[in-house]
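> Numbering (my numbering), first residue to last: 427 to 1330.
Here it is: the structure, laid out below.
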Amino acid sequence: MKTRITFFFFMITTIGFSQNADKWKQYIKKENEIKSQRYYFTTLENAHYNKYKVVKKLDTTFCIVENENLRSNLTSRKNSPVNNLWKLPSNFSNHTEGKTYIIATDAIKTLIVDLQSLNISDIKIVNDYLILIKSDSEKIINSIINLNSVSSVSQEALQPKSESKIIDQNFSINSINKASANFPLLNGENQVVAIKDDLFDVNDIDLLNKHIPSAIGSSIVSVHATAMATIVSGLGNTSTLGKGVAQKTKLLSSDFLNIYPDEIATLQDATTQNHSYGTVIENLYGSLANAYDAQLFLNPDITHCFSAGNTGLQGYKSITGNFKQSKNSIVVGCINQNEVIMPFSSKGPAYDGRIKPELVAFSTQGTSNSTAIATGIITLMKQHYKTLNNSSLSNALAKAILINSAKDLGNKGPDFTYGYGNINADKSLKTISENKFISDNLISGQTSSHIITLPLKAKKLKITLVWNDLPAAINSNISLVNDLDLEVISADNTTFLPWILNPDVPENPAIKGKDKINNVEQITIENPASGSYTINVMGSYISNASQDYSIAYDYELENQFEWNYPVTNDNFPYDGKAISPFKWNSSFSGIAGQLSISYNNGQTWEIIASGINLENEQFTYVPAEKKFSKAKLKMTIDNVDYISDSFTISYDLNISTSLVCDGSTEINWDKPSDVTTFNIYQLTGDHLEFKEQTTNNIYAYADEKFYTVVPVFDNIEGIKSESTLQYIQNSNCYFELAFAEIFEENKIKIDARLFSLYNIKKIDLVKINNNVESVINTMNDINSKTFSFLDTTPAKGSNKYKINIILENNNTISSLIFDANYLGNDLFFVHPTLLNKNEELSIEVKKEESAIFYLYNIAGQNTITSPLLSKTNNINLKNTASGIYIYKIITNSGEIQTGKIAVF
């Protein structure tokens, strides 16, 4: 029997509704419907006080609670029984066609029986508490939500799509280059990262020997998955673009068509998983968000990194996929090399006003790439923490360190565009090295205090609190379950509160206040006094036994300056192609700097610019000319020089393949005026090894391996150029072009141009007459790729030729056959003389002189008259009837040539 639910509110006496509660009146049962009841409407304060089980937060004041003992009646002045409409998602709408719904339950066997009793047979089990069905809205409202076995109903997009590909790469923007210089032993060794996507190309030369076979991997290999794997841990064999953040990390593939979290056992020790994909914009807390939060809460050492999405042009609340609404994950947007948000990078807030994305990283191509960068950095952090502490870095602490170490961008404090700022790999690792973090736990109502001490001249104190929160119920309007609060108290008893944002006015800057929706809280103090600071963490409400939390903190010292890019081992431009800004950290205020460059180890300096705003922390320098040199930078501040490490200035040499023929490959490259020597590298195993040195800009090899070239100058190497590609054998076999044309009046000239002179013994000109080939000329002294032959005795009509290249091994490489028409004593060469109506008649002129072509039918009627204005002329015979025709060509000087053609 169907039950019709009417959206009607009956004023009852059991609960007094404020104006804020009035918006939930559609959930309240009418008085005559009240019986033994499982779910009730009440305030959060009342629920927490009585320790009721909260099954859905409606807002920061009201919730739905479950009567876990149905023999008792919770109806009171503070509790009101509810109907089942609260089980529906916020995006629910009426429809007659079948749509996919996700049904949550705590009794899956009972639910399946209940659904089958409603004649629903298309049931797909997702896991132990979720199933998928197809239904219209009427059956959902009138039948399904009324089942006791149904906890909630949600509608979510479940089809993933990738969100960028690798084209750009620049590790200086996130200080990965500086981290490599300061922490040279950190390379991701003994770490495993899972790439949830299609399968990456395990034979890609940047991913050799990295793949861990997996039962959960996709069978579809894609460029996108390969790019994400490369950014995380590429070996750099192809070029700088092929170099990953954590180069020794092993990789596991997980099929993103299973969009729910993978079982922990299937991840084979991977503790970080990259998710560079999205679905559609979804502002809700669905079963996916719930599932990821649940996994992260139960497995505190796992980290999930999600791309924010590429729909930022749609404005705020444009994050793609409700799984990214999870609280315990990390969502990453993208910025350009000047640290400005890419317009397409999706923006927050989360559906309930939380700060999303949490962070940004570099990519001009999409948030997929920036997320893979974050995944790589977290991998280095986990390796570093394990090395120093012999224990695993938890997700909450990793997230706290990343957020606390990030460079604030956009509005002061966090915002819904940049989150907490741009990830800084070097600062994150230093926070671990310097032990500037705290991990602890507390119970509800408890306050835990931690004391830190700031030295003299400290500034910009930043403290970040993060905890892995319990999963909220599916469709919760507010996802926060356990509420911790952060405050900092200075030695003079001044209290500092965290940043908070107003999601209703998302463009407004952050202010200070109590945070009741985020499980990340951050306090900054711009100019702190030296001395002790007390960090208080208050367990305002904790529903379980206790809550673990993590804190990261850091500060700067006044009037400090250090270079971020370039540093030791860096090249400028970063990838040898695109200009990237110089970067630095500075704590100077109200003072400008002067930037200079030296090409002779500091003996002399050239001023690049004066009056530089140090607080910008970057400067874009475009050299007037390309140089290959060692160099140093100098920033002069108040008569003090801050000199960079020595770095290289070099450019990609633009390797091209000139020959792939007869088992040999020849490459060539640019030869800059200030480079005389080049090192050749060959891919051996899974890495590039030095092969030999050359002073030429041409190199040939007889194997099918990958090669690259490195310029050598000032006794150092420059940047490796993009490695060679593999081509199909004989796909580029010597001949760029070969053709013949009339030369003077009685000769035919044969011209040719070759891609390469490699291994050539001699070159023969072959003439073909009635399919008989004969060599009419030979060239033994070959020193140019462009050459010519002359045929001084051409035959009247068509003369056919080919060129044979005889190699040192006596193999012969032949050109295509080509021809030229020699007229002899004729003025014109008319061909073909037998043609169909769709063909054109071609007329070649012996000497450049104006003439007129006349065509007559057999009755003597003129059918076509056409001027001949060039050496080669084409006459269209499209409307000409079949038959025999006479042509006559008369030159301006009165010379005449006649002949016959046949049209069929």
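Here a beta-carbon is modelled for each residue, glycine too, at the ideal position from N, C-alpha and C.
(1) Which of the three DSSP states, helix, strand or coil, is assigned to Ile949?
(2) Answer with buried or exposed for Ile1284, where buried requires no fewer than 16 other C-beta atoms within 10 angstroms of its C-beta.
(3) Tell me Lys1058's beta-bridge partners as DSSP assigns them.
(4) Based on DSSP bridge pairs, tell me the residues matched to Thr526.
(5) Contact check, Asn1123 vs Lys1097 under 8 Å by CB: the rounded distance?
(6) In or out: Lys604 buried (at least 16 other Cβ within 10 Å) or exposed?
(7) Tell me, please, which residues DSSP counts as bridged to Trp1354.
(8) Do Thr729 and Lys825 have their C-beta atoms closer together than 9 Å?
(9) What residue range does the beta strand (DSSP E) around Gln542 cover?
(10) What residues in its chain sit with their C-beta under 7 Å from that of Ser956, if we drop five residues either side in the sequence?
(11) Using only CA atoms, which one of Asp554, Ser563 and Lys674 lies nearest to Glu523?
(12) Mind the definition here: the region 795-809 touches the region 780-787 only if three or more C-beta pairs lie below 8 Å; say whether that holds.
(13) Who pairs with His637 in a beta bridge, going by DSSP?
(14) Just to confirm the assignment: which complete alpha helix (DSSP H) runs, minimum length 4, are found wholly within the region 798-880?
(15) Would you mind stating whether Tyr959 and Leu887 have Cβ atoms separated by less than 9 Å?
(16) Put Ser1084 into one of helix, strand or coil per three-state DSSP.
(17) Suppose the cutoff is 6 Å on Cβ atoms and the five residues either side in sequence are ignored; what does the same chain contact list for Gly839 look like?
(18) Residue ranges of each beta strand (DSSP E) run of no fewer than 3 residues wholly in the region 1109-1134, ordered along the chain?
(19) Between which two residues does the alpha helix (DSSP H) carrying Ala1178 extend?
(20) Using the three-state DSSP reduction, which class does Phe723 fall into: helix, strand or coil?
(21) Only counting the same chain, and skipping five residues up and downstream in sequence, which positions put a Cβ closer than 6 Å to that of Asn414?
(22) Which partner residues does His1257 have in the DSSP bridge list?
(23) When we look at the beta-carbon of Asn1247 and count the other beta-carbons within 10 Å, is it buried (16 or more) or exposed?
(24) What does Gln973 pair with, by DSSP beta-bridge criteria?
(25) Are three or more beta carbon pairs between the region 1036-1045 and the region 632-650 nearer than 8 Å?
(26) Can you look up Asn1230 in the DSSP assignment and give me helix, strand or coil?
(27) Which term fits Ala691, buried or exposed, when burial requires 16 or more other beta carbons within 10 angstroms of its beta carbon?
(28) Just the Cα atoms here: how many angstroms apart are Val579 and Tyr527?
(29) Do you know how far the Cα of Pro932 is from the Cα of Leu1151?
(30) Using the rule of at least 16 other Cβ atoms within 10 Å of the residue's Cβ for burial, across every protein chain shown, is Asp909 buried or exposed?
(31) Does the separation of the CB atoms of Ile977 and Val907 fall below 9 Å?
(32) What residues in its chain sit with their C-beta under 6 Å from that of Ala1035, if we drop five residues either side in the sequence?
(33) In whole angstroms, give me the CA-to-CA distance for Tyr742 and Gly759.
(34) Between the Cα of Lys1188 and those of Arg503, Ile1174, Pro775 and Ser1210, spot the shortest distance and give me the residue it belongs to.
(35) Would the beta-carbon of Leu667 fall within 9 Å of that of Gln595?
(36) Below 8 Å, can you find three or more Cβ-Cβ pairs linking the region 1010-1024 to the region 615-631?
Judging by the given coordinates:
(1) strand
(2) exposed
(3) Paired residue(s): Ser1024.
(4) Lys560
(5) 4 Å
(6) buried
(7) Residue 1354 falls outside the range modelled here, since the chain spans only 427 to 1330, and no answer is possible.
(8) yes
(9) Not the beta strand (DSSP E): Gln542 falls in the alpha helix (DSSP H), residues Ile534 to Ser543.
(10) Leu880, Pro881, Leu882 and Ala884
(11) Ser563
(12) yes
(13) Leu677
(14) 821-831 and 851-859
(15) yes
(16) strand
(17) Trp925 and Ala936
(18) 1113-1120 and 1124-1127
(19) Segment Lys1173 to Leu1180 is the beta strand (DSSP E) holding Ala1178; no alpha helix (DSSP H) there.
(20) helix
(21) Coverage of the chain is limited to positions 427 through 1330, which leaves residue 414 absent and any answer about it impossible.
(22) Ser1268
(23) buried
(24) Leu868
(25) no
(26) strand
(27) exposed
(28) C-alpha separation (whole angstroms): 7 Å.
(29) 48 Å
(30) buried
(31) no
(32) Leu1021
(33) Each residue's CA atom was taken as its position, placing Tyr742 and Gly759 some 13 Å apart.
(34) Ser1210
(35) yes
(36) no
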